[in-house]
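Note sheet for the following structure.
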Amino acid sequence: MDNILARYNELVSLIKKYNQEYYINNISVISDYDYDLLYKELVNLEKDNPDIVSERSPTKLVGDIDNSSVVLDKKIKHQVRMYSLENSYSRDDIIDFIDKVKKVVDVDVKHIEFVIEPKIDGAAVSIKYSGGVLVEAVTRGDGVVGEDIFENIKCLGVLPETIEDKRELIIRGEAYMPISTFNKLNIDREAEGETLFANPRNVAAGSLKLLDSSKVLARGIKLFLYSLDLGRKFNNHYDDILYLSKLGFPVNDNIFKFSETDDIMDSIFKIEKIRDKLNYELDGAVLKVNDYSIREELGHTSKYPRFAISYKYKSESARTKLLSVTYQVGRTGAITPVAELEPVQLSGSVIGRATLHNNDEIKRLEIKLGDTVIIEKGGEVIPKIISVDRDIENIDGRDIEIPTVCPVCGNALRSDINDVKDFCINRDCPAIVKGGLLHFASRDAMDIRGFGVKVVEQFSEHNLLKDISDIYHLDRDEILKLEGWKAQSVDNLLEAIEQSKAQPFHRVLYSIGIKHVGRTATKLIVKQFADIDTIMNAKEEDISTIHGIGSGSATTLVNFFKDDVNRKVVDRLRSSGLKFEKETDLLNKTALDKSFVITGKLSHERQYYKDLIESYGARVSSSISKNTDYLLAGSDAGSKLKKALELGITVIDERELNTILTVNS
Ligand code: IVH
């Protein structure tokens with residue numbers, strides 16, 4: 004038992020640490036695959052030993068981070084406190100709120116104006132402009148003190164660089180991730196076998212705190228500004244919001260101004276109605292007294308302003324019947340159960356299917372065929388089954404049959420102790436072949452335009468494609484014999500295939516489709532190994548020592564190349580002219596002609612920064628001279644820092660290093 008407890012505590016603290024690194028600092032200290040292994044071990048330990056389960060276990064903080072353990076980079080005290088909002092849920096609550104406001108205010112004021120606006124579901128930020136430029140950006144934190152997110156906000160590219168108003172302005176708003184961006188991010192993560200993000204809010208909040216500012220831009224975070232807290236121009240909120248918009252700040256379009264309760268409620272429902280047509284998530288509406296002098300009179304409680312309240316919408320869900328469960332086979336052979344539902348309206352569309360993720364989820368829900376289920380749609384493309392409605396009886400509900408053979412090829416399935424899913428391991432399984440071909444030609448891979456599902460299905464059916472290497476041996480006349488093809492369309496396709504040969508090595512490696520080796524991993528591997536032969540002959544430990552690659556991915560990579568069939572496919576692709584080595588020309592062309600010196604304690608080993616800098620074609624030397632361009636200095640930097648300052652050399656931190664490398668190359 005002592006051993007179990009020790010391992011349990013170790014797992015809890017390890018996973019918490021990785022969550023922290025991943026969600027807050029966005030550093031993958033471990034691959035997603037290895038993370039999943041640890042997580043699964045923790046889940047199993049908890050299942051087998053319910054007595055030891057801690058309330059602080061990461062399994063109890065699904066999709067969230069334990070904020071108590073966040074190490075803040077730099078704290079900033081808010082010049083004006085950031086309050087949160089009291090919640091309300093009904094028309095009666097709103098009437099109470101309006102009555103209270105009226106009671107406090109002067110008897111002469113009959114018609115108090117209220118502004119009604121969407122409550123965006125993201126992360127609150129406070130920004131400061133002075134002299135017409137952005138000078139500060141801070142998270143809400145506890146409302147008194149927040150975290151410095153200046154670099155990250157600056158590089159989002161959504162705020163005006165300069166504004167004509169040169170006074171000191173404090174503006175607040177909500178940072179959010181558009182739903183389309185979130186879906187794309189998760190589709191990519193799913194394709195790479197990584198765990199999915201829980202919702203757009205978490206990603207937005209986490210992204211603002213990324214250490215590497217260049218990655219924040221890639222996350223596509225946007226902002227809506229919803230209040231001017233210092234430097235007010237008008238005597239009311241509505242006009243100030245219009246003013247912010249005129250200055251070039253992004254503000255929300257769906258803002259209403261009314262005095263009568265009926266109009267106010269109508270506006271709240273109007274916002275709810277357009278909710279599913281918007282490309283961002285909102286969880287309610289905010290009702291605010293418009294006039295600043297009335298706001299002054301009302302004041303605040305210890306937590307909330309008395310002049311504003313939020314009206315929370317119910318989360319969108321629907322009730323329907325589970326008709327059957329089908330099983331999809333992915334390109335890696337992973338089997339995913341899909342719930343086939345009685346079609347039902349949800350958030351403006353008809354839903355007939357929902358994901359059941361894996362067999363553990365079926366067990367967790369204790370779900371049977373014919374059960375009435377509650378489905379919900381968050382930011383995700385595919386709705387989820389949240390629960391079973393036990394009030395509706397399902398007397399002869401049959402158990403869901405978990406397949407033991409592949410639903411596509413009939414081959415026996417193998418369960419993988421490292422994965423919650425079962426796998427088809429027949430490399431000739433039509434579903435795996437088709438998935439592999441589609442992955443190979445997809446936009447982020449070889450990007451072969453016109454090579455989609457229909458083409459893959461038709462060509463496979465006529466035996467023109469057995470594996471990815473056949474793509475480069477397609478015969479023009481054979482295609483012309485097929486239904487629907489004309490000379491021009493065949494030539495277009497063959498031209499697109501020909502052009503794909505110019506794709507760089509890291510893309511080719513990604514396109515091959517090695518399990519657990521995604522886009523980031525292939526880039527990291529190619530940075531380290533110049534050509535395919537070195538990679539094919541590398542040992543597991545050579546690969547797993549690359550920062551950002553875990554031992555799980557290293558194992559699958561090495562096993563992949565141990566297989567003769569895979570090696571043959573690579574050889575055939577190579578003889579077709581695909582790039583299987585790093586282009587040195589390209590590196591030289593974009594090489595960063597700068598010299599760096601590294602000193603002090605940094606968050607990674609010194610070698611890591613050396614490799615990174617050199618991968619951009621720049622130089623790293625061990626001592627400072629007048630030819631040094633930058634000193635990368637961590638904490639406790641000593642004589643090198645002193646010398647750099649004497650010589651007037653630019654001293655940079657880790658964030659600035661990333662900006663310099665990405666901006667200049
Ligand atoms: S006003 C003093 N307006 O909701 C009032 N807040 O608990 C301060 N939020 O995290 C907030 N949309 O960031 C206001 N249109 C909106 C909002 C909004 C989203 C967030 C806010 C805070 C939470 C309030």
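Residue numbering for the sequence shown follows the numbering used here, beginning at 4 and increasing consecutively. All C-beta atoms in this analysis are idealised placements derived from N, C-alpha and C, irrespective of residue type, glycine included.
Backbone secondary structure at THR304 - three-state DSSP
Residue state, collapsed to three classes: coil.
With 16 other CB atoms within 10 Å as the buried threshold, where does LYS212 fall?
Residue environment: LYS212 is assigned as buried (16 or more neighbouring CB atoms within 10 Å of its CB, all protein chains considered).
Roughly how many angstroms separate the alpha carbons of ASN282 and THR184, rounded to a whole number?
Their backbone Cα atoms lie some 9 Å apart in a straight line.
Among ARG522, PHE508, CYS158, which residue has its Cα nearest to the Cα of GLU659?
The shortest C-alpha separation from GLU659 is found at CYS158.
CA-to-CA distance, GLY580 to LEU497, given in whole angstroms
Whole-angstrom Cα-Cα distance: 14 Å.
Reduced DSSP secondary structure (H/G/I, E/B, other) of VAL493
Correct three-state label for VAL493: helix.
For VAL511, report the span of its alpha helix (DSSP H) as first-last.
From DSSP, the alpha helix (DSSP H) with VAL511 extends over 508 to 514.
Since SER230 sits in a beta bridge, which residues does DSSP pair it with?
Paired residue(s): ARG175.
Status (buried if at least 16 other CB within 10 Å, exposed otherwise) for TYR132
It counts as buried.
VAL600 and LEU634 - do their beta-carbons sit closer together than 8 Å?
Contact flag set, yes.
Are VAL408 and VAL332 touching if we call contact CB-CB under 8 Å?
It is not a contact, given that the beta carbons lie outside the stated cut-off.
Reducing DSSP to helix, strand and coil, say where ILE117 ends up.
According to the sequence provided, residue 117 is Phe. The question's Ile does not apply to it. For PHE117, the three-state secondary structure derived from DSSP is strand.
What is the DSSP secondary structure of GLN348, reduced to helix, strand or coil?
In the structure shown, GLN348 sits in a strand (DSSP, three-state: E or B).
Where does the unbroken beta strand (DSSP E) through GLU379 begin, and where does it stop?
Residues 375 to 379.
Nearest residue (CA-CA) to VAL623, options ASP450, SER598, ALA636:
If we check each option's Cα against that of VAL623, SER598 comes out closest.
Close Cβ partners of SER327 (< 6 Å) along its chain, the five nearest in sequence each way excluded:
Apart from the 5 residues on each side of it in sequence, SER327 sits with its Cβ closer than 6 Å to the Cβ of GLU343 in its chain, given in chain order.
Taking the straight line between their C-alpha atoms, what separation do you get for LYS571 and ILE616?
Cα-Cα distance, rounded: 36 Å.
Taking the straight line between their C-alpha atoms, what separation do you get for THR238 and LEU231?
The sequence shown places Asn at residue 238, rather than the Thr named in the question. Computed Cα separation, rounded: 11 Å.
Quick check: is any heavy atom of the ligand IVH less than 7 Å from the C-beta of SER230?
SER230 Cβ: within cutoff of the ligand IVH.
Does at least one heavy atom of the ligand IVH sit under 7 Å from the Cβ of ARG204?
No; taking the cut-off as 7 Å, the Cβ of ARG204 has no heavy atom of the ligand IVH nearer than that.
Same chain, Cβ closer than 8 Å to ILE552, neighbours up to 5 away in sequence not counted
The residues are SER34, ALA524, LEU527, ILE528, ILE546.
Can you determine whether any heavy atom of the ligand IVH sits closer than 7 Å to the C-beta of TYR86, and answer yes or no?
Under cutoff, so the answer is yes.
Starting from LEU558, trace the alpha helix (DSSP H) in both directions and tell me its first and last residue.
The amino acid occupying residue 558 in the given sequence is Thr; Leu does not appear at that position. Judged by DSSP secondary structure, THR558 falls within the alpha helix (DSSP H) whose first and last residues are 554 to 565.
If distances are taken between C-alpha atoms only, which option among TYR86, ASN6, LEU41 comes closest to ASP17?
Here the sequence assigns Leu to residue 17, which means Asp is not the residue at that position. Closest option to LEU17, Cα to Cα, is LEU41.
Since ILE435 and ARG334 are thought to touch, with beta carbons under 8 Å apart, how far apart are those beta carbons, to the nearest angstrom?
ILE435 to ARG334, Cβ: 6 Å. Contact.
Does the Cβ of ILE244 have 16 or more other Cβ atoms within 10 Å, making it buried, or fewer, making it exposed?
Per the 10 Å Cβ criterion, buried.
Residue nearest to LEU313 in terms of C-alpha spacing, selected from TYR92, ASN6, TYR38, ASP37:
The identity of residue 313 in the sequence shown is Ser, whereas the question assumes Leu. When each option's Cα is compared against that of SER313, the closest is TYR92.
Within its chain, find whatever has a CB closer than 6 Å to the CB of ASP242; leave out the 5 residues flanking it on each side and keep chain order.
Closer than 6 Å at the Cβ level, and outside the excluded window around ASP242, lies no residue.
First and last residue of the uninterrupted beta strand (DSSP E) at THR602
Segment 598 to 602, the beta strand (DSSP E) holding THR602.
Are the region 126 to 142 and the region 300 to 317 in contact at 8 Å, needing three or more beta carbon pairs?
No, the region 126 to 142 does not touch the region 300 to 317.
So, using beta-carbon positions, are LYS585 and ALA533 closer together than 8 Å?
Going by C-beta atoms, LYS585 is nearer than 8 Å to ALA533.
Own chain, CB closer than 6 Å to ILE378, minus 5 neighbours either side, in chain order:
If we look at ILE378 and ignore the five residues flanking it on each side, its Cβ neighbours are ALA321, ALA357, PRO386, ILE388.
Separation of ILE451 from GLY487, as counted between CA atoms:
Answer to the nearest angstrom: the Cα atoms are 19 Å apart.
Excluding the 5 residues preceding and the 5 following TYR229 in the sequence, name in chain order all residues of the same chain whose CB lies nearer than 6 Å to its CB.
GLY176.
Hey, THR375 and ASP402: beta-carbon distance below 8 Å or not?
Using a Cβ distance threshold of 8 Å, THR375 and ASP402 do not count as a contacting pair.
If you pair each beta-carbon of the region 138 to 148 with each one of the region 243 to 257, do three or more pairs fall below 8 Å?
Verdict: no, contact absent.
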